[in-house]
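Asks:
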Amino acid sequence: MHVLEIDGVSFSYGSTLALDSISFSVDKGDLLGIIGPNGAGKTTLFSCMLGLLGGYRGSIRIFGEDIKKNRKVFQKIGYIPQKKNIDRNFPATIEEIVSLGITSSRKDKSYKERILSALETVGLSSLQDRRIGELSGGQQQRVLIAKAIVNDPELLILDEPATGIDLETQNKFYALLRKLNGENKITMIWSSHDLDAVNKLATGVACINRSMFFHGQTHEFFENPDLLKAYSESSMQAHMHMHDHH
Ligand code: ADP
């Protein structure tokens with residue numbers, strides 16, 4: 390059984406076709422990198438997978454269950470959205486933020502231990518009483534990962550921001566992804582604009598540009614000059630369109 394199976398999924402915002410018949414599957418232990426230019430439909434695809442957008446055609450199965458029929462499967466998923474800057478004065482503590490990731494049915498005795506263990510995994514033990522607004526951007530991102538893993542998800546979905554993180558923070562973040570996938574055995578779907586990182590970390594690649602442009606093993610994508618060229622041309626075009634609008 391696949392962890393995730395997307396079969397012929399299409400989605401339109403009014404007359405804008407954002408996803409055109411996307412199909413792929415993810416198996417246990419995979420770390421799938423999703424790449425595609427701005428406006429390619431990555432966020433839309435994630436929103437469909439997370440049950441936030443219901444009006445798609447085609448089917449999405451998670452652990453064999455159609456997500457429109459069985460919403461319980463979402464309890465097995467952790468989601469890390471693109472990081473927004475958190476106000477320096479936002480009063481919640483790290484512990485409070487991470488506790489939001491625990492579903493009510495699992496708020497048992499080991500509650501506190503589970504929060505501490507998630508913070509330890511992301512390398513933030515000892516900071517549980519600090520306010521989230523006091524942390525650096527990279528640390529805040531780790532808190533959001535702790536919140537996503539505190540429920541022991543079997544699948545982690547991660548929408549990576551394109552910019553705004555320094556190289557050292559980024560490398561730590563990638564090391565953490567590798568650990569979660571390798572040691573903690575969490576299956577992962579990760580959208581990224583960083584092709585080098587995808588090449589180093591991902592077991593497979595799905596490249597979308599409204600429709601599926603490529604899906605296969607990481608090396609098949611990165612060893613194919615024609616695919617790389619087509620990808621960089623479409624990214625460049627999306628980039629220029631963005632600037633047209635400004
Ligand atoms: P990505 O995450 O790859 O940048 P998105 O999923 O955000 O792409 O967007 C895919 C397409 O859908 C784009 O053309 C975008 O303009 C359009 N789109 C996204 N969200 C909306 C919305 N809420 N209403 C209308 N169009 C949208």
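The sequence shown begins at 390 in the numbering used here and counts up by one.
Glycine included, each C-beta is placed from N, C-alpha and C at the ideal position.
Bear in mind the structure is a predicted one, so any value in this text is a computation, not a measurement.
Does DSSP classify A507 as helix, strand or coil?
Replies: To locate residue 507, count along the sequence shown from 1; it is residue 118. Helix, per DSSP.
Asks: Tell me the rounded alpha-carbon separation between D409 and D518.
Replies: Translated into the one-based positions of the sequence shown, residue 409 becomes position 20. Translated into the one-based positions of the sequence shown, residue 518 becomes position 129. Distance between the alpha carbons of D409 and D518: 46 Å.
Asks: Starting from L601, follow the beta strand (DSSP E) in both directions and report where the run begins and ends.
Replies: The count along the sequence shown starts at 1 and reaches residue 601 at position 212. The identity of residue 601 in the sequence shown is Met, whereas the question assumes Leu. Looking at the DSSP string, the run of the beta strand (DSSP E) that includes M601 is S600 to Q606.
Asks: Check G571 in the structure and name its three-state DSSP category.
Replies: Taking the sequence shown and counting its residues from 1, one reaches residue 571 at position 182. Of the three classes helix, strand and coil, the one that applies to G571 here is helix, per DSSP.
Asks: Less than 7 Å separating the Cβ of T607 from some heavy atom of the ligand ADP?
Replies: Residue mapping note: residue 607 aligns to position 218 of the sequence shown, counting from 1. Not under cutoff, so the answer is no.
Asks: Can you tell me whether M625 is helix, strand or coil according to DSSP?
Replies: The count along the sequence shown starts at 1 and reaches residue 625 at position 236. The three-state secondary structure of M625, taken from DSSP, is helix.
Asks: Could you check the C-alpha separation between V462 and M390 for me, to the nearest Å?
Replies: Stepping through the sequence shown from its first residue, residue 462 is reached at position 73. Stepping through the sequence shown from its first residue, residue 390 is reached at position 1. One C-alpha to the other measures close to 14 Å.
Asks: May I ask you to report which of helix, strand or coil DSSP gives L408?
Replies: In the sequence shown, residue 408 corresponds to position 19, counting from 1. Note: L408 maps to strand in three-state DSSP.
Asks: Distance, Cα to Cα, Y468 vs E612?
Replies: Within the sequence shown, the letter at position 79 stands for residue 468. Within the sequence shown, the letter at position 223 stands for residue 612. Taking the straight line from one Cα to the other gives about 30 Å.
Asks: Could you pull out every residue in the same chain whose Cβ sits closer than 6 Å to the Cβ of H604, ignoring the five residues on either side in sequence?
Replies: Along the sequence shown, read from residue 1 onward, the residue named residue 604 stands at position 215. Hits under 6 Å: F413 and A595.
Asks: Rounded to whole angstroms, what is the Cα-Cα separation between S401 and L516?
Replies: To locate residue 401, count along the sequence shown from 1; it is residue 12. To locate residue 516, count along the sequence shown from 1; it is residue 127. Each residue's Cα considered, the two are about 43 Å apart.
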